[in-house]
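Undergrad: My questions all concern the structure below.
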Amino acid sequence: MTANRPEDPLRIAGAIRTDVGCVRRLNEDSVAFIASAGPSQALDHGALALVADGMGGHAAGEVASALALEVVRRVYYSLDKIPSEALRAAFDAANRAIFDYAAKHPDCAGMGTTCTALGVRDGLLWLAHVGDSRAYLMRDGQLVQLSDDQTLHAQLVRDGVMSPEDAGKGAGSNVILQALGTRLDVEPTIWTEGLPLRQGDIVVLCSDGLTNLVSDARIAEVVSKNPPPEACRLLIDAARRGGGHDNISVGVFVAETDGAGRTADQAATKRINIADPPTGALTAKIDAVAEG
1 MTANRPEDPL RIAGAIRTDV GCVRRLNEDS VAFIASAGPS QALDHGALAL VADGMGGHAA
61 GEVASALALE VVRRVYYSLD KIPSEALRAA FDAANRAIFD YAAKHPDCAG MGTTCTALGV
121 RDGLLWLAHV GDSRAYLMRD GQLVQLSDDQ TLHAQLVRDG VMSPEDAGKG AGSNVILQAL
181 GTRLDVEPTI WTEGLPLRQG DIVVLCSDGL TNLVSDARIA EVVSKNPPPE ACRLLIDAAR
241 RGGGHDNISV GVFVAETDGA GRTADQAATK RINIADPPTG ALTAKIDAVA EG
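Each residue of the sequence shown is one higher than the last, beginning at 1 in the UniProt record's numbering.
In C-alpha cells:
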C-alpha cells in the first residue's frame, strides 16, 4: 500500500441527504457532514460524517437523533484526542444526554436513536456505531459493509443460528439490540485503529430506510457511476420507488487528495457492535473481497 505524501494527504469530500419518504409524516433521521478544516488550522480534527435514525413516541425519535448529532459533533471537535478516543467520548456523552432528556420529558420516554459516524483524519478512516444504520466502503469495484448491524437477526446469523437468506424475514426482523439513549450501558463499536484510505475510495453512510429497499448491488452501481450529490439523489429516489415506508438518509464521500478538486467542501447538517476490528484484519478482508 502506497503511503500518502505528507504534503498531499487524503481527505473526503461528498454529499449527504435525508428524505421523509413516502409514508411517514415526520423525518426522524438526522444527518451531518462536516468537511475537514484547512491545514492552516493549529489543530485539524479532520472530517466527520454521521447518520442517526431516531425512534420513540410522537416526534421523540426526531429529538433523539438531533440530540445525538449535536452532542457527537460538539464533543468530537472539542477534544484534543485521537479519533477513537474522541468518538468514544462523543458517543458516551450523546447516550447520556438522550437518556437524561427522556427522563425529564415523559412524552419522550423510551426514545433512542441509531448512530453511525465516520471520522477521517490524516488519511485514516475511523468508525463509531450503534444500531442498524450502515457504513460501507467501495474499493476496486467492490462494496464492503464496514459496520455490523446490531439487530436480533444479524446477531443470530453471526451466531450461526440463522442463515443470511432468512435474516430480515419474520418475527424479530426489526428488533434493534442497541440504541443511544435507551439505557446507560450501551456499548458502541469504536474502531481502535484507523483504516488507511486510498485515492478513489468511496464511503457510504445510510439509514435502514435505504438498505431495507435498495440492494447492496444497486448501491454499488449508483455510487461507482455518479458524483456524490447525484448518487444520493438517485439512491433516495430508488428507495421511494420501492415504497419509501421509512425515512431515507444517505451520504456518499470520495477519498481524494487536497488538490483534487473537491466535490463539496462544506458542512451539511439536518438539525431539528460490539467488537473492535483491528485495522490489519479489516484491511485484509477488504483486499480479499476486492481481489475476488
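Beta carbons are placed, not taken as given, at the ideal position from N, Cα and C, and that holds for glycine.
Measure the beta-carbon distance from S65 to T113 and round it to whole angstroms, keeping in mind my assumption that it falls under 8 Å.
TA: Your numbering for residue 65 matches position 65 in the sequence shown. Your numbering for residue 113 matches position 113 in the sequence shown. Contact holds; Cβ gap of about 4 Å.
Undergrad: Using a Cβ cut-off of 8 Å (strictly closer), state whether A35 contacts chain B.
TA: The structure shown contains no chain B; it is built from a single protein chain.
Undergrad: Can you list, in chain order, the stretches of the beta strand (DSSP E) that have 3 or more residues and sit fully within the region 177-211?
TA: Runs found: 202-206.
Undergrad: Could you tell me whether the Cβ atoms of Q145 and G131 are closer together than 8 Å?
TA: Position 145 of the sequence shown, counted from the first residue, corresponds to residue 145. Position 131 of the sequence shown, counted from the first residue, corresponds to residue 131. Not in contact: Q145 and G131 (Cβ atoms no closer than 8 Å).
Undergrad: Scan the region 92-126 and note each continuous beta strand (DSSP E) run of 3 residues or more that stays entirely inside, going in chain order.
TA: You should have 115-121.
Undergrad: Residue range of the alpha helix (DSSP H) that I236 falls in?
TA: For the purposes of this step, residue 236 is taken as the residue at position 236 of the sequence shown. Segment 228-241, the alpha helix (DSSP H) holding I236.
Undergrad: Rounded to whole angstroms, what is the Cα-Cα separation between G244 and I16?
TA: Taking the sequence shown and counting its residues from 1, one reaches residue 244 at position 244. Taking the sequence shown and counting its residues from 1, one reaches residue 16 at position 16. Rounded to the nearest angstrom, the two C-alpha atoms are 18 Å apart.
Undergrad: If we count the other Cβ atoms within 10 Å of its Cβ and call it buried at 16 or more, is D107 buried or exposed?
TA: Within the sequence shown, the letter at position 107 stands for residue 107. D107 is exposed by the Cβ-count criterion.
Undergrad: Contact defined as beta carbons within less than 8 Å: I believe A49 pairs with V72. What is the distance between those atoms, to the nearest angstrom?
TA: Within the sequence shown, numbered from 1, the residue matching residue 49 stands at position 49. Within the sequence shown, numbered from 1, the residue matching residue 72 stands at position 72. With a Cβ gap of about 11 Å, A49 and V72 do not count as contacting.
Undergrad: Could you give the DSSP three-state label for R11: helix, strand or coil?
TA: Mapped onto the sequence shown, residue 11 falls at position 11. If DSSP states are grouped into helix, strand and coil, R11 belongs with the strands.
Undergrad: Near P228, which residues of its chain fall below 6 Å by C-beta distance, leaving aside the five closest residues on each side in sequence?
TA: Stepping through the sequence shown from its first residue, residue 228 is reached at position 228. Closer than 6 Å at Cβ, skipping near neighbours: G14, A15, V252, T263.
Undergrad: Could you say which of G194, G209, L156, L10 lies nearest to L127 if we only look at CA atoms?
TA: Here residue 127 is taken as the residue at index 127 of the sequence shown, counted from 1. Comparing Cα positions, the closest option is G194.
Undergrad: Can you have a look at P164 and say buried or exposed, based on whether 16 or more other CB atoms are within 10 angstroms of its CB?
TA: On the sequence shown, residue 164 is found 164 positions in, with the first residue counted as 1. Exposed, by the Cβ-count rule.
Undergrad: Judging by CA-CA distance, which residue of Y77, A86, S207 is the nearest neighbour of S147?
TA: Along the sequence shown, one-based indexing puts residue 147 at 147. Of the candidates Y77, A86, S207, the one whose C-alpha sits nearest the C-alpha of S147 is S207.
Undergrad: What is the DSSP secondary structure of P39, reduced to helix, strand or coil?
TA: Your numbering for residue 39 matches position 39 in the sequence shown. Confidence at P39 is low in this model, with a pLDDT of 46, below 50, so the placement of that residue is unreliable and no value is reported for it.
Undergrad: Assign L118 to buried or exposed, taking buried as 16 or more other Cβ atoms, counted over all protein chains shown, within 10 Å of its Cβ.
TA: The residue given as residue 118 occupies position 118 in the sequence shown. L118 is buried by the Cβ-count criterion.
Undergrad: Roughly how many whole angstroms lie between the Cα atoms of G61 and I236?
TA: By 1-based counting over the sequence shown, the position of residue 61 is 61. By 1-based counting over the sequence shown, the position of residue 236 is 236. Each residue's Cα considered, the two are about 20 Å apart.
Undergrad: Measuring only the C-alpha atoms, how far is A52 from V31?
TA: What you label residue 52 is simply residue 52 of the sequence shown in a count that begins at 1. What you label residue 31 is simply residue 31 of the sequence shown in a count that begins at 1. Going from the Cα of A52 to the Cα of V31 covers about 6 Å.
Undergrad: State the beta-bridge partners of Y136 as determined by DSSP.
TA: The residue labelled residue 136 in the question sits at position 136 within the sequence shown. According to DSSP, Y136 bridges with Q145, V204.
Undergrad: Using a 10 Å radius around the Cβ and a threshold of 16 neighbouring Cβ atoms, would you call D166 buried or exposed?
TA: Position 166 of the sequence shown, counted from the start, is the residue given in the question as residue 166. Its Cβ having fewer than 16 others within 10 Å, D166 is exposed.
Undergrad: Using only the alpha-carbon positions, how far apart do G242 and V214 sit?
TA: Position 242 of the sequence shown holds residue 242. Position 214 of the sequence shown holds residue 214. Taking the straight line from one Cα to the other gives about 8 Å.
Undergrad: Taking 7 Å as the limit between beta carbons, can you name the residues of its chain near L79, skipping five residues before and five after?
TA: Here residue 79 refers to the residue found at position 79 of the sequence shown. The residues are A86, A89.
Undergrad: Quick check on DSSP: helix, strand or coil for L213?
TA: Walking along the sequence shown from the start, residue 213 turns up at place 213. L213 falls in the coil class under three-state DSSP.
Undergrad: Leaving aside the five residues before and after L197 along the sequence, list all residues of the same chain whose C-beta is less than 6 Å from its C-beta, in chain order.
TA: Against the sequence shown, residue 197 aligns to sequence position 197. Result list for L197: L10, G123, L125, A255, in chain order.
Undergrad: Grab the span of the alpha helix (DSSP H) containing S163 for me, first residue to last.
TA: Taking the first residue of the sequence shown as position 1, residue 163 is located at position 163. Premise fails: S163 is in no alpha helix (DSSP H) and is neither H nor E.
Undergrad: Exposed or buried, H105, counting other C-beta atoms within 10 Å across all chains shown (16 or more means buried)?
TA: Counting from one through the sequence shown, the residue named residue 105 turns up at place 105. Per the 10 Å Cβ criterion, exposed.
Undergrad: Measuring straight from C-alpha to C-alpha, what distance separates Y136 and Y101?
TA: The residue you call residue 136 lines up with position 136 of the sequence shown. The residue you call residue 101 lines up with position 101 of the sequence shown. Cα-Cα distance, rounded: 31 Å.
Undergrad: Counting C-beta neighbours from all protein chains within 10 Å, is the total for A179 16 or more, i.e. buried, or is it exposed?
TA: Reading the sequence shown from its first residue, position 179 is the one you call residue 179. That one is buried.
Undergrad: To which residues of the same chain is V23 closer than 8 Å at the C-beta, ignoring the five residues directly before and after it?
TA: To locate residue 23, count along the sequence shown from 1; it is residue 23. The residues are G243, G244, H245, D246.
Undergrad: Measure the C-alpha to C-alpha separation of V20 and I34 and round it to an integer number of angstroms.
TA: The residue labelled residue 20 in the question sits at position 20 within the sequence shown. The residue labelled residue 34 in the question sits at position 34 within the sequence shown. Spanning the two alpha carbons is a distance of roughly 22 Å.
Undergrad: Going residue by residue through the region 31-86, where are the continuous alpha helix (DSSP H) segments of at least 4 residues, counting only ones entirely within it?
TA: The region 31-86 contains these whole alpha helix (DSSP H) runs: 60-78.
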